[in-house]
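Be aware that the sequence shown starts at 3, since it is given in our numbering, and climbs by one per residue. Down below is the structure, laid out as structure tokens.
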Amino acid sequence: MARESESGLPIEPVYGPESLAGWDPAGRLGEPGAYPFTRGVYPTMYTRRPWTMRQYAGFGTAAESNARYRQLIEHGTTGLSVAFDLPTQMGHDSDAPLAAGEVGKVGVAVDSLDDMRTLFDGIPLDRVSTSMTINAPAALLLLLYQLVAEEQGVSAARLTGTVQNDVLKEYIARGTYIFPPAPSLRLTSDLFRYCAAELPKWNTISISGYHMAEAGASPAQEIAFTLADGIAYVRTALAAGMDVDAFAPRLSFFFVARTTLLEEVAKFRAARRMWARVMREEFGAREPKSQMLRFHTQTAGVQLTAQQPEVNLVRVAVQGLGAVLGGTQSLHTNAFDEALALPTDKSARLALRTQQVLAYETDVTATVDPFAGSYVVERMTDEVEAAAVELMSRVEELGGAVAAIEQGFQKGEIERNAYRVARETEAGERVVVGVNRFASDAEERYEPLRVDPALEARQVRRLAELRASRDGAAVDSALAALREAAAGDANTLYPMKEALRARATVGEVCGALRVVWGAYEPTERF
Numbered sequence: 003m004a005r006e007s008e009s010g011l012p013i014e015p016v017y018g019p020e021s022l023a024g025w026d027p028a029g030r031l032g033e034p035g036a037y038p039f040t041r042g043v044y045p046t047m048y049t050r051r052p053w054t055m056r057q058y059a060g061f062g063t064a065a066e067s068n069a070r071y072r073q074l075i076e077h078g079t080t081g082l083s084v085a086f087d088l089p090t091q092m093g094h095d096s097d098a099p100l101a102a103g104e105v106g107k108v109g110v111a112v113d114s115l116d117d118m119r120t121l122f123d124g125i126p127l128d129r130v131s132t133s134m135t136i137n138a139p140a141a142l143l144l145l146l147y148q149l150v151a152e153e154q155g156v157s158a159a160r161l162t163g164t165v166q167n168d169v170l171k172e173y174i175a176r177g178t179y180i181f182p183p184a185p186s187l188r189l190t191s192d193l194f195r196y197c198a199a200e201l202p203k204w205n206t207i208s209i210s211g212y213h214m215a216e217a218g219a220s221p222a223q224e225i226a227f228t229l230a231d232g233i234a235y236v237r238t239a240l241a242a243g244m245d246v247d248a249f250a251p252r253l254s255f256f257f258v259a260r261t262t263l264l265e266e267v268a269k270f271r272a273a274r275r276m277w278a279r280v281m282r283e284e285f286g287a288r289e290p291k292s293q294m295l296r297f298h299t300q301t302a303g304v305q306l307t308a309q310q311p312e313v314n315l316v317r318v319a320v321q322g323l324g325a326v327l328g329g330t331q332s333l334h335t336n337a338f339d340e341a342l343a344l345p346t347d348k349s350a351r352l353a354l355r356t357q358q359v360l361a362y363e364t365d366v367t368a369t370v371d372p373f374a375g376s377y378v379v380e381r382m383t384d385e386v387e388a389a390a391v392e393l394m395s396r397v398e399e400l401g402g403a404v405a406a407i408e409q410g411f412q413k414g415e416i417e418r419n420a421y422r423v424a425r426e427t428e429a430g431e432r433v434v435v436g437v438n439r440f441a442s443d444a445e446e447r448y449e450p451l452r453v454d455p456a457l458e459a460r461q462v463r464r465l466a467e468l469r470a471s472r473d474g475a476a477v478d479s480a481l482a483a484l485r486e487a488a489a490g491d492a493n494t495l496y497p498m499k500e501a502l503r504a505r506a507t508v509g510e511v512c513g514a515l516r517v518v519w520g521a522y523e524p525t526e527r528f
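Here you go:
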């Protein structure tokens, strides 16, 4: 039976020179670190130093997460990645009725400057790179981080890291939005302008295909819809009067790495080439850094299984290898027990050790773009690119990413692909080891990490104490200034920072913006 790739493209039993008929190596492949960056964004890639090992962590209270961060740094993590709980992601305080039962469950609860101060207690922010997986309230969390850095005596000019800040994919695949698309893009643009002036080394957005992939997108859909979102953000920044070469070097991307290693390598190479062409030909970017697609990768959480969870160690190693062979700039490897619960200390350490084995015990860091010239990978790179370009053309025909989102296009395409994969898995056509083949009758007992249910009450008490001890009049005045800025065209981040400095909470700041901008109500296409 003929095999197909994850994108539904045929995989031939044998590839040879005839597979690349008409291929122009000099024009299409190029050299590492040079346009169109197919072979990597830097000339030397990992031959001088490996990728950033950025482990994603956060749970419970700020104090508990701080202890985990210190452990990760001690074990060799070179970059932190903060997971926030759902109330924080949705702009609600821990004592909000909608937050009940969710505080600290899938990430750390951060309600105020007090929590952010505790989260990074004892961690020198001038010597660590921090990524924050936060979208709709991204500006708030970045400002809280900057305020903590100021308290440490660290200037904003020395802060390095990334804030995800990709709200468009929330409407497509994930659902943690707050405001409608138009004001959300306004807030994104305000953050771009703020960082250009105040935090020059900070990556202002991580345009994410990862969550689309987790929702069921194929590799071609993942890069097509992610790059389409990227185009929308660039257009928004240009409409706000920014020069493309002033902000484009701070754009970054976030992709998944699946177990289908060859297609994943091809996907990463195709995405770099496509983005370079878009930035140079459509937007006139002149600086090479403006044309580079730099990206973070996380191994595929959706492919982890609760059955025989130790097998996930193998899956994650293969996925991580695909990301490295594809030229990622930073990598998070999932813990083997994440299909069951938040990772334990031991499983988080094993996930980091997986990256360290790849970096220091294999030879994949000895040469740049090891698969360059491979008949199959070069052919797959072309095919994934062609499929993605076709999807991007359909988005453009609908009026661009935002208009296509409002019509439910991307969501519908992803849901159809997810249904196809589910049917193939259920029918046994797609093998999942330990689930529909090689299952075991006697599963070993595994004790997952459990978040203390009492932490929600403790967090609520902290909020009550904060509100009782702060200057309420100063908070009210600062929130009024924020509402005034949101109603006009001033950059909202400056009054937002003052409100947070006065110890306004995340929920209060988002609530002030909801008054002016409203809240998004999704529409279904079908």
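Ideal Cβ positions, reconstructed from N, Cα and C, are used throughout, including at glycine.
Give a yes or no on whether the C-beta atoms belonging to residue i and residue j are separated by under 9 Å.
| i | j | result |
| --- | --- | --- |
| Asp339 | Ser349 | yes |
| Ala111 | Thr63 | yes |
| Leu333 | Ala259 | yes |
| Ser83 | Met134 | yes |
| Ala337 | Ala215 | no |
| Leu88 | Gly109 | yes |
| Pro139 | Gln91 | yes |
| Ile136 | Tyr522 | no |
| Pro185 | Gly520 | yes |
| Ala406 | Ala230 | yes |
| Gln57 | Ala353 | yes |
| Val404 | Leu170 | yes |
| Ala36 | Pro290 | yes |
| Arg516 | Val477 | no |
| Thr307 | Ala341 | yes |
| Arg274 | Val423 | no |
Tell me which same chain residues have a C-beta within less than 6 Å of the C-beta of residue i, skipping the five on either side of it?
| i | result |
| --- | --- |
| Val150 | Met118, Arg119 and Phe122 |
| Gln309 | Gly436 and Val437 |
| Arg282 | Gln293 |
| Leu11 | Glu385 |
| Arg252 | Asn205 and Thr206 |
| Gly232 | Ile209 |
| Val304 | Glu216 |
| Leu457 | Gly62, Thr63 and Gly106 |
My guess is that residue i and residue j are in contact by the Cβ rule of under 8 Å, so how many angstroms apart are they, rounded?
| i | j | result |
| --- | --- | --- |
| Ala514 | Leu481 | 5 Å |
| Thr427 | Ser114 | Thr427 to Ser114, Cβ: 44 Å. No contact. |
| Ser220 | Ser479 | Rounded, the Cβ-Cβ distance is 51 Å, inconsistent with contact. |
| Ala217 | Ile75 | Not confirmed; about 32 Å, so no contact. |
| Gln357 | Phe256 | With a Cβ gap of about 17 Å, Gln357 and Phe256 do not count as contacting. |
| Glu390 | Met276 | For the sequence presented, residue 390 should be read as Ala rather than Glu. Contact holds; Cβ gap of about 7 Å. |
| Tyr71 | Ile125 | 6 Å |
| Arg317 | Thr261 | 6 Å |
Tell me which same chain residues have a C-beta within less than 8 Å of the C-beta of residue i, skipping the five on either side of it?
| i | result |
| --- | --- |
| Arg279 | Pro38 |
| Glu33 | Arg41 and Pro45 |
| Tyr196 | Ala141, Asn493, Leu495 and Tyr496 |
| Met3 | Only weak support is given to the placement of Met3: the predicted model assigns it a pLDDT of 48, under 50, and the value that follows is read from those uncertain coordinates. Once the five neighbours on either side are set aside, Met3 has no close Cβ partner at all. |
Alpha carbon to alpha carbon, how far is residue i from residue j?
| i | j | result |
| --- | --- | --- |
| Leu145 | Ser21 | 51 Å |
| Ser67 | Ser395 | 43 Å |
| Thr367 | Leu360 | 8 Å |
| Leu142 | Ala483 | 15 Å |
| Tyr173 | Pro183 | 8 Å |
| Asp454 | Gly106 | 9 Å |
| Lys203 | Ala250 | 12 Å |
| Val320 | Leu393 | 28 Å |
| Glu363 | Arg296 | 25 Å |
| Thr383 | Gly24 | 15 Å |
| Leu161 | Leu127 | 7 Å |
| Val518 | Thr164 | 28 Å |
| Ala441 | Arg351 | 27 Å |
| Ala501 | Ala239 | 25 Å |
| Ala242 | Ala159 | 23 Å |
| Leu344 | Glu200 | 35 Å |
| Arg51 | Gly78 | 14 Å |
| Phe528 | Arg129 | Summary for Phe528: the model assigns pLDDT 41, below 50, so the residue's position carries little reliability; its value from the coordinates is reported in the next sentence. Answer to the nearest angstrom: the Cα atoms are 49 Å apart. |
CB-CB under 7 Å to residue i, same chain, minus the five flanking residues each way: which ones, in chain order?
| i | result |
| --- | --- |
| Tyr17 | Tyr377, Val378 and Arg381 |
| Glu6 | Pro12 and Ile13 |
| Thr54 | Thr80, Gly81, Ser131, Gln331 and Ser332 |
| Val462 | Ser96 and Asp97 |
| Arg288 | Asp247 |
| Ala222 | Ser9, Val386, Ala389, Ala390 and Leu393 |
Is the stretch 319-331 in contact with the stretch 426-445, if contact means three or more CB pairs nearer than 8 Å?
-> no
How do the stretch 85-101 and the stretch 367-376 stand: do at least 3 beta-carbon pairs fall below 8 Å, yes or no?
-> no
Contact the stretch 283-290 vs the stretch 393-410: 3+ CB pairs below 8 Å | no
Is it a yes or a no for the stretch 202-210 touching the stretch 411-430, going by three-plus beta-carbon pairs under 8 Å?
-> No contact exists between the stretch 202-210 and the stretch 411-430.
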